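Chains as they are written, first to last, in my numbering: chain D, 60 to 305; chain V, 132 to 366.
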């Protein structure tokens, strides 16, 4: 067996028969070129240090603004977002939130900062960051729960554990975030492996939008799941914003 | 024949093994099957084909997954390719009595249907020479107890993807303690929201952050266990 090739250099012999596939060297290059939050945003990306800051998931942008506008709080906060694609990479969220919060407090050390995430698959690591930096996040395990409301979400999970959920954002961006983002477009043969435990898709709708409902139904079709729509509105997201409003 | 259409038969053994590493990395199932058969035809033992080509290749896949160079879909493709090679080797390994490192019962805990990570662990463990009994998803404690009583494994593996389901691992471990069975098994846990501290707090023996680490951790624990048994026997 030849010695293992170091990660930073391509293998000496490459006879990839893979056609459109990338191979190890190219993947290494492309995956390492993703810029960090700090590199993209710079350390001084905030314009209103006098206002409280909300660090939101990029998948909650429209919803957060709608909730704040409805409550007459449209200008009460400065809002900054982390990439919505981190829905697929929750391990990046705690560091991302910490970087943003630390940057924001360079301008004003006592700035109130709120976090527009639930635990979101971080396994308590986001809570550790929140505790250390005195940040407050939305309660609950994930956005499906705070949109549906905890008791309703638990009832849905009890009814059928194998439920895959979409929100307005995820319905709109299903192809980018799920179909392509989870590699199903390139490797449709892994659909069965990835979704064999799921039986139905529930679209938790924040708004009445026929187009989004159609997209969500198409998504269920692509995944081979039964479809159901349930209107939730903004659920506990509104409660959170009302609670932290200045 | 196009440039992409490589004749695997034309490669010598070293080149073929290296090519298998590339093909595993790219998740090329048919190529892995073909190369596995070629090596067997050339007189390689099934165990050598497994360890020197498939396991070696998957080790690199596991490392690059850990380092964020490969993502889940690509690892699944690689694992599926490995599985196709394994399906050829498995009956032959049983016939030839290849060395078995240890055994494991593994399952996703109650309330959780996620099994991608668990399946990867199963495949990598099998590839490393463990006998694996996979009891699937959404397992209440009774399923774990039934499986370990039936199969008497060295290791009990539990997996969870959700923050809400990972505490159930503690229920299983506490039940083992109540029944006086805890020390009979090495308990390894894993899953995206877990960490070292959680594993320690629930009384697991080890936390495995990914499939590659699971294999190394399992080997380490089983070796230590065998050493202890050996020491007791010699005392």
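In this text, a Cβ means the ideal position worked out from N, Cα and C, and glycines have one as well. Quick caveat, the model's predicted, so the values are computed rather than measured.
Burial state of residue i (16 or more Cβ within 10 Å)
i             : result
residue 245/V : buried
residue 100/V : Because chain V spans 132 through 366 in this model, residue 100/V falls outside it and cannot be assessed.
residue 46/D  : Because chain D here runs from 60 to 305, residue 46/D falls outside it and cannot be looked at.
residue 172/D : buried
residue 250/V : buried
residue 323/V : buried
residue 159/D : buried
residue 351/V : exposed
residue 143/V : exposed
residue 134/D : exposed
residue 214/D : exposed
residue 227/V : exposed
residue 293/D : buried
residue 370/V : Only positions 132 to 366 of chain V appear in the structure, and residue 370/V is not among them; the question remains open.
Integer-rounded CB distance, given that residue j should sit under 8 Å from residue i
i             : j             : result
residue 118/D : residue 229/D : 7 Å
residue 290/V : residue 237/V : 7 Å
residue 255/V : residue 346/V : 5 Å
residue 154/V : residue 212/V : 7 Å
residue 138/D : residue 113/D : 5 Å
residue 233/V : residue 349/V : 7 Å
residue 147/V : residue 169/V : 6 Å
residue 178/V : residue 229/V : 4 Å
CB contact check: residue i to chain V, cutoff 8 Å
i             : result
residue 181/D : yes
residue 241/D : yes
residue 220/D : yes
residue 285/D : no
residue 142/D : no
residue 253/D : yes
residue 298/D : no
residue 249/D : yes
residue 200/D : yes
residue 256/D : yes
residue 169/D : no
residue 149/D : yes
residue 178/D : yes
Cβ of residue i within 8 Å of any chain D Cβ
i             : result
residue 169/V : no
residue 176/V : no
residue 357/V : no
residue 298/V : no
residue 293/V : yes
residue 208/V : yes
residue 222/V : no
residue 275/V : no
residue 245/V : yes
residue 338/V : no
residue 271/V : no
residue 242/V : yes
residue 230/V : no
residue 132/V : Bear in mind that a pLDDT of 45 at residue 132/V, under 50, signals an unreliable position, so the number given afterwards is only what the model happens to contain. For residue 132/V, the answer is no, since every Cβ of chain D falls outside 8 Å of its Cβ.
residue 323/V : yes
residue 205/V : yes
residue 143/V : no
residue 326/V : yes
residue 202/V : yes
Member of the options whose CA lies at the smallest distance from the CA of residue i
i             : options                    : result
residue 198/D : 192/D, 206/D, 191/D        : 206/D
residue 287/D : 181/D, 222/D, 281/D, 122/D : 222/D
residue 190/D : 156/D, 248/D, 214/D, 201/D : 156/D
residue 166/V : 299/V, 140/V, 353/V, 298/V : 140/V
residue 281/D : 247/D, 114/D, 170/D        : 247/D
residue 43/D  : 275/D, 268/D, 267/D        : In the structure as shown, chain D begins at 60 and stops at 305. Residue 43/D is therefore absent and cannot be evaluated.
residue 153/D : 166/D, 138/D, 188/D        : 188/D
residue 290/D : 194/D, 208/D, 150/D, 192/D : 208/D
residue 288/V : 156/V, 259/V, 336/V        : 336/V
residue 267/D : 203/D, 232/D, 227/D        : 227/D
residue 251/D : 222/V, 247/V, 357/V        : 247/V
residue 296/V : 180/D, 215/D, 236/D        : 180/D
residue 253/V : 358/V, 319/V, 174/V, 137/V : 319/V
residue 304/D : 104/D, 204/D, 131/D        : 131/D
residue 165/D : 278/D, 232/D, 107/D, 116/D : 107/D
residue 353/V : 279/V, 276/V, 282/V, 260/V : 260/V
residue 236/D : 148/D, 134/D, 110/D        : 148/D
residue 278/V : 292/V, 294/V, 303/V, 298/V : 303/V
residue 327/V : 231/D, 233/D, 182/D        : 182/D
residue 315/V : 301/V, 276/V, 258/V, 265/V : 276/V
Contacts of residue i in chain B (Cβ-Cβ under 7 Å)
i             : result
residue 268/V : Looking for chain B here will not work: the only protein chains present are D and V.
The stretch 285 to 301 of chain D contacting the stretch 112 to 129 of chain D, beta-carbon criterion three pairs below 8 Å: With a cut-off of 8 Å on Cβ pairs, the stretch 285 to 301 of chain D is in contact with the stretch 112 to 129 of chain D, counting three or more such pairs.
Are at least three pairs of beta-carbons, each pair with one atom in the stretch 225 to 242 of chain V and one in the stretch 254 to 270 of chain V, less than 8 Å apart? The stretch 225 to 242 of chain V and the stretch 254 to 270 of chain V touch, with no fewer than 3 CB-CB distances between them shorter than 8 Å.
Please determine if the stretch 212 to 220 of chain D and the stretch 229 to 243 of chain D are in contact, where contact requires at least 3 C-beta pairs separated by less than 8 Å. Output reads no: the stretch 229 to 243 of chain D does not touch the stretch 212 to 220 of chain D.
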